[in-house]
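Report on the following structure.
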Amino acid sequence: MEIKWLMDFLSLADTGNFSRSAESRATTQPAFSRRIKALEEWVGAPLFDRGKQPITLTPAGERFHPVAEGVLRRLFQARDEIRQIGQSSENTISFSSTHSLSLTFFPDWIRHIEERVGVLLIRLDSNQVGSCVQSLLRGECHFMMCHTHPSVDIPLPEDRYQSVKVGEDRLLPVSAPDEQGRPSQPLPGSAAAPLSYLAYAETSAIGRAVDFMLAHHPARPAMKRVFETHLAAVLKTMARDGRGLAWLPENQILAELEAGTLLLSGDPSWYIPVDIRVFRPREPLPHAAEAFWSVIGDTAPASD
């Protein structure tokens, strides 16, 4: 049995789709399928029900899931502890964060914490939310930071993971100004003149929150999808260049809103409030990480 088979298993359990998991695992779909089949042969039972879409775990897969998580977490934690011994970095606190929060919220948030406790030794990895979740599941980081919304499921079982709210944000509909200084893509648009929609990829948690709002807003917008990516920073550039309408985290566009290079393209009914949360395993973390967690709890918003 190979470690990468367990990583493959957790990825497929998360996505329910062979092609998406193969892409995230940087391999071809046939090779990925063979590795899943090899794991099932090693376990001695089918782990996935391939007759359903999305693919789901069988009872054997449900039983195996926490075992795979625990084995990988302990392996990676042991690896990190050994590396720390060799590198004298036992005080390193490791984070996995989404791209948008890594660029905007995280630096100021850490700075405010360090004003209280002194300079910290931080390692930050930036990725899509699905990869961040996998990093936490595999024990490759102590903490994960991402946006959350009631409509978006973060696949971290509450009996094995906990979280704390550390901030708030809003996803705002914005577009570049037109020649008269008005939003070039005003909501809700019309059938005769649909808005150019700059969308998040389906793997984006922010994108799923936007999709939920659009599906439930009483004024269904008239939009045509002209571009998609999982990176909010790319959507910001496209919107600022006049390519269309995008819902962007407010923390990421404060300067553009103040300068007028991006304008709000709808009333507050189109705004999407989201939380910023930090997740961790309930299992004990190294001393430095546990001490940091206690500081997070002291500085978390009172509404958590």
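Take the sequence shown: its position 178, counting from 1, is numbered 186 in my numbering, and each next residue is one higher.
We treat Cβ as the ideally placed atom computed from N, Cα and C, and that holds for glycine.
Checklist entry - Gly175 lies in the beta strand (DSSP E); which residues open and close that run? => result The residue labelled residue 175 in the question sits at position 167 within the sequence shown. Looking at the DSSP string, the run of the beta strand (DSSP E) that includes Gly175 is 169–183.
Item to check | Spatial neighbours of Gln85 in its chain, beta-carbon cut-off 6 angstroms, leaving aside the 5 residues before and after | outcome: Residue 85 sits at position 77 when you count from the first residue of the sequence shown. Closer than 6 angstroms at Cβ, skipping near neighbours: Gly147.
Next on the checklist: Can you look up Leu80 in the DSSP assignment and give me helix, strand or coil?
Outcome noted: For this step, residue 80 is matched to residue 72 along the sequence shown. Three-state DSSP puts Leu80 in a helix.
Checklist entry - Per DSSP, Cys154 is paired with what? => result Start at 1 with the first residue of the sequence shown, and residue 154 comes out as number 146. Partner(s): Arg285.
Item to check | Asn25 versus Glu31 - alpha carbon distance | outcome: Walking along the sequence shown from the start, residue 25 turns up at place 17. Walking along the sequence shown from the start, residue 31 turns up at place 23. Taking the straight line from one Cα to the other gives about 10 angstroms.
Next on the checklist: Assuming the contact rule is C-beta atoms closer than 8 angstroms, Ile293 and His157 should be a hit. Round their C-beta distance to whole Å, please.
Outcome noted: In the sequence shown, residue 293 corresponds to position 285, counting from 1. In the sequence shown, residue 157 corresponds to position 149, counting from 1. Strictly speaking, residue 293 in this sequence is Leu, with Ile absent from that position. The Cβ separation is near 27 angstroms, so there is no contact.
Next on the checklist: Quick check: the Cα distance between Arg168 and Asp161, rounded to an integer number of angstroms?
Outcome noted: Stepping through the sequence shown from its first residue, residue 168 is reached at position 160. Stepping through the sequence shown from its first residue, residue 161 is reached at position 153. In a straight line, the C-alpha of Arg168 is about 15 angstroms away from that of Asp161.
Checklist entry - Where does Trp50 land, buried or exposed, given buried means 16+ other C-beta within 10 angstroms? => result As a position in the sequence shown, residue 50 is number 42, starting the count at 1. Exposed, by the Cβ-count rule.
Item to check | Endpoints, the alpha helix (DSSP H) within which Leu243 is located | outcome: The residue given as residue 243 occupies position 235 in the sequence shown. Note, Leu243: alpha helix (DSSP H), 240–248.
Item to check | Residues that DSSP places opposite Ile130 in a beta bridge | outcome: The residue given as residue 130 occupies position 122 in the sequence shown. Paired residues: Ile101.
Checklist entry - Closest by CA to Phe114, which one among Ala296, Val286, Arg290? => result In the sequence shown, the residue the question calls residue 114 occupies position 106. Among Ala296, Val286, Arg290, the Cα nearest to that of Phe114 belongs to Val286.
Item to check | Reference Phe103; option with closest CA among His73, Glu77, Ser134, Glu166 | outcome: Counted from its first residue, the sequence shown places residue 103 at position 95. It is Ser134.
Next on the checklist: Within a Cβ cutoff of 7 angstroms, which residues of the same chain sit near Ile90, ignoring the five residues on either side of it in sequence?
Outcome noted: Along the sequence shown, one-based indexing puts residue 90 at 82. No residues qualify anywhere along the chain.
Checklist entry - If you count every other CB in all the chains shown that lies within 10 Å of the CB of Thr112, and 16 or more means buried, which is it? => result Numbered from its first residue, the sequence shown carries residue 112 at position 104. Buried, by the Cβ-count rule.
Checklist entry - Going by the beta-carbon positions, is the gap between Val183 and Ser273 smaller than 8 angstroms? => result Taking the first residue of the sequence shown as 1, we reach residue 183 at position 175. Taking the first residue of the sequence shown as 1, we reach residue 273 at position 265. First, the residue type needs correcting, since residue 183 is Ser and not Val in the sequence shown. Contact: yes.
Next on the checklist: Taking its Cβ as the centre, do 16 or more other Cβ atoms sit within 10 Å of Met9, making it buried, or is it exposed?
Outcome noted: Residue mapping note: residue 9 aligns to position 1 of the sequence shown, counting from 1. Looking at its Cβ environment, which holds fewer than 16 other Cβ atoms inside 10 Å, Met9 is exposed.
Next on the checklist: Within 10 Å of its beta-carbon, does Gln61 have 16 or more other beta-carbons around it, so buried, or fewer, so exposed?
Outcome noted: One-based indexing of the sequence shown puts residue 61 at position 53. By the neighbour-count rule (16 or more Cβ atoms within 10 Å), Gln61 is not buried but exposed.
Next on the checklist: Between Pro196 and Pro229, how many whole angstroms is the CB-CB distance? I'm expecting something under 8 angstroms.
Outcome noted: The residue you call residue 196 lines up with position 188 of the sequence shown. The residue you call residue 229 lines up with position 221 of the sequence shown. Indeed they touch by this definition, with Cβ atoms about 4 angstroms apart.
Checklist entry - Is Gln142 near Leu18, with beta carbons less than 8 angstroms apart? => result In the sequence shown, residue 142 corresponds to position 134, counting from 1. In the sequence shown, residue 18 corresponds to position 10, counting from 1. The answer is yes: Cβ separation under 8 angstroms.
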